[in-house]
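Asker: This is the structure I have questions about; it appears just below.
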Amino acid sequence: MALEGWDWFIKLAENENFTKAADELQISQHSQQTLSARLVSLERNLGAKLVVRGTPISLTSAGKVFLLYAREQRQAQQDMIRQIGEVAGGGAGVLKVGISHTRGSYLMPKVIHRLSEELPAVTVKLIEDTNRNLLRSAERGEVDVAIARFEGTCPGVEVEPIYKDSGAMGTSPESAIDILKGEGIGALKKCPFILGSVDDISGRVAYSELRNAGIKPHVVATSGNMPTLLSLCSEGLGAVFCPTDMLDYSPMASPDLLRIPLSSQSSYTIELGIPSRSERWQVVDSFRRILLEVTAEK
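Heads up: the sequence shown runs through residues 183 to 480, numbered per our numbering.
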């Protein structure tokens with residue numbers, strides 16, 4: 183039962199499905215059969231049944247105990263690699279950064295470039311997800327840092343503000359009329375919309391603004407991917423809600439989009455969350471410093 187061999191069990195428990203776990207682990211040969219064989223071997227060695235097979239699968243009491251132990255051992259292995267890297271000089275290991283697809287597209291290139299110059303032995307693994315899932319990952323310690331909207335206290339996570347952002351609405355000139363510039367969002371009652379997920383910041387801002395404006399939207403399409411939403415908007419399919427930072431700094435936002443400001447309620451603070459651990463990895467502090475430098479330059 184090699185330590186590095188337990189990651190597959192963690193993935194299996196998290197996905198509750200053999201095929202999905204195999205896909206995440208990029209196991210191509212025999213896929214589900216390979217994981218099933220590993221599970222049978224592990225249960226035989228432990229002398230206990232760990233999983234109840236079904237759709238979805240579930241863990242037995244013994245399986246839950248083993249999952250906790252496997253996660254602790256994985257974290258211990260990561261800590262060992264990191265500490266050895268720091269002792270050897272410069273730092274080494276994998277830094278797991280949780281961030282939304284949208285924010286990652288315009289923040290991470292500069293941050294990772296500077297971090298790589300400073301700490302070339304560190305690999306950054308971006309875990310891009312919805313805001314809701316990022317908070318959950320931070321609470322569970324599945325990421326080293328999370329850049330998100332925490333909206334209050336988050337158990338076991340140190341949170342500090344990074345910068346303020348706000349929502350805006352973009353629409354192509356073809357799908358708007360001149361009076362929009364003067365009348366704001368209320369003039370869009372007949373306009374089609376392309377909306378994001380309520381699990382993310384932009385989606386929640388969108389539905390809140392539409393509700394407050396008394397608009398029951400005609401939704402043409404929905405997506406959890408902001409670049410896709412912006413592309414659809416640029417094609418004249420409807421109006422889209424997105425962070426002002428996305429319109430200002432992302433190359434994915436067309437300069438031809440007509441921007442309509444939203445209410446003050448659409449403003450929010452983006453924060454950095456760092457899961458509390460007994461010993462703080464120095465690379466996390468380096469990442470924090472660089473992130474603050476980059477956001478201060480915006």
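Backbone N, C-alpha and C define an ideal beta-carbon position, used for all residues, glycine too.
Going by DSSP in three states, P337 sits in which element: helix, strand or coil?
Answerer: Along the sequence shown, read from residue 1 onward, the residue named residue 337 stands at position 155. Residue state, collapsed to three classes: coil.
Asker: Which of helix, strand or coil does DSSP assign to P374?
Answerer: Working through the sequence shown from its first residue, we reach residue 374 at position 192. Strand, per DSSP.
Asker: Under 6 Å Cβ to Cβ from E196, same chain only, skipping five residues before and after it: list those, please.
Answerer: Here residue 196 refers to the residue found at position 14 when the sequence shown is read from its first residue. Result list for E196: empty, nothing under 6 Å.
Asker: With respect to 7 Å, is the separation between the Cβ of L301 and the closest non-hydrogen atom of the ligand NAD below this value?
Answerer: Inclusion of the ligand NAD in the displayed structure is not the case, the ligand content being empty and no account of it being possible.
Asker: Please classify R235: is it buried, with 16 or more other beta-carbons within 10 angstroms of its beta-carbon, or exposed?
Answerer: As a working note, residue 235 is residue 53 in the sequence shown. The residue in question, R235, is exposed, as its Cβ has fewer than 16 Cβ neighbours within 10 Å.
Asker: Determine whether the beta carbon atoms of T312 and G455 lie at a separation below 8 Å.
Answerer: Translated into the one-based positions of the sequence shown, residue 312 becomes position 130. Translated into the one-based positions of the sequence shown, residue 455 becomes position 273. No, the Cβ-Cβ distance between T312 and G455 is not below 8 Å.
Asker: Threshold first: 4 residues or longer. Then list the alpha helix (DSSP H) segments lying entirely within the region 274-346, N to C.
Answerer: Here the runs fully enclosed are 283-300 and 313-322.
Asker: Around the Cβ of L221, are there at least 16 other Cβ atoms within 10 angstroms (buried) or fewer (exposed)?
Answerer: The sequence position of residue 221 within the sequence shown is 39, counting from 1. Its Cβ being crowded by 16 or more others within 10 Å, L221 is buried.
Asker: Pairing CB atoms from the region 415-430 with CB atoms from the region 301-315, are three or more of them under 8 Å?
Answerer: No, they do not touch.
Asker: Exposed or buried, which one is M262 when buried takes at least 16 other CB atoms within 10 Å?
Answerer: For the purposes of this step, residue 262 is identified with residue 80 of the sequence shown, where counting begins at 1. By the neighbour-count rule (16 or more Cβ atoms within 10 Å), M262 is not buried but exposed.
Asker: Does the distance from the C-beta atom of P457 to that of G275 stay below 8 Å?
Answerer: Position 275 of the sequence shown, counted from the start, is the residue given in the question as residue 457. Position 93 of the sequence shown, counted from the start, is the residue given in the question as residue 275. Going by C-beta atoms, P457 is not nearer than 8 Å to G275.
Asker: Three Cβ pairs or more, each shorter than 8 Å: is that satisfied between the region 342-349 and the region 383-392?
Answerer: Touching, yes.
Asker: Spatial neighbours of L289 within its chain, please: CB distance less than 8 Å, with the 5 preceding and 5 following residues excluded, ordered by chain position.
Answerer: By 1-based counting over the sequence shown, the position of residue 289 is 107. Cβ neighbours of L289 beyond the five flanking positions: I281, I329, L473, V476 and T477.
Asker: Note the first and the last residue of the continuous alpha helix (DSSP H) segment covering P409.
Answerer: Along the sequence shown, one-based indexing puts residue 409 at 227. Its alpha helix (DSSP H) spans residues M408 to S416.
Asker: Given that a residue counts as buried once 16 or more other Cβ atoms are within 10 Å of its Cβ, and exposed if not, what is T335?
Answerer: The residue you call residue 335 lines up with position 153 of the sequence shown. So T335 counts as exposed.
Asker: Label V247 either buried or exposed according to how many other C-beta atoms from any shown protein chain fall within 10 Å of its C-beta, with 16 as the threshold for buried.
Answerer: To locate residue 247, count along the sequence shown from 1; it is residue 65. So V247 counts as exposed.
Asker: Look at the alpha carbon of A258 and the alpha carbon of S287, and state the distance between them as a whole number of angstroms.
Answerer: Taking the sequence shown and counting its residues from 1, the one referred to as residue 258 is at position 76. Taking the sequence shown and counting its residues from 1, the one referred to as residue 287 is at position 105. Approximately 31 Å between the Cα atoms of the pair.
Asker: Counting C-beta neighbours from all protein chains within 10 Å, is the total for D360 16 or more, i.e. buried, or is it exposed?
Answerer: Translated into positions along the sequence shown, residue 360 becomes position 178. Because the pLDDT at D360 is just 43, under 50, the model does not fix this residue reliably, and the value given afterwards should be weighed accordingly. It counts as exposed.
Asker: Could you pull the start and end residues of the alpha helix (DSSP H) that I397 belongs to?
Answerer: Your numbering for residue 397 matches position 215 in the sequence shown. Run containing I397: none; DSSP gives neither H nor E here.
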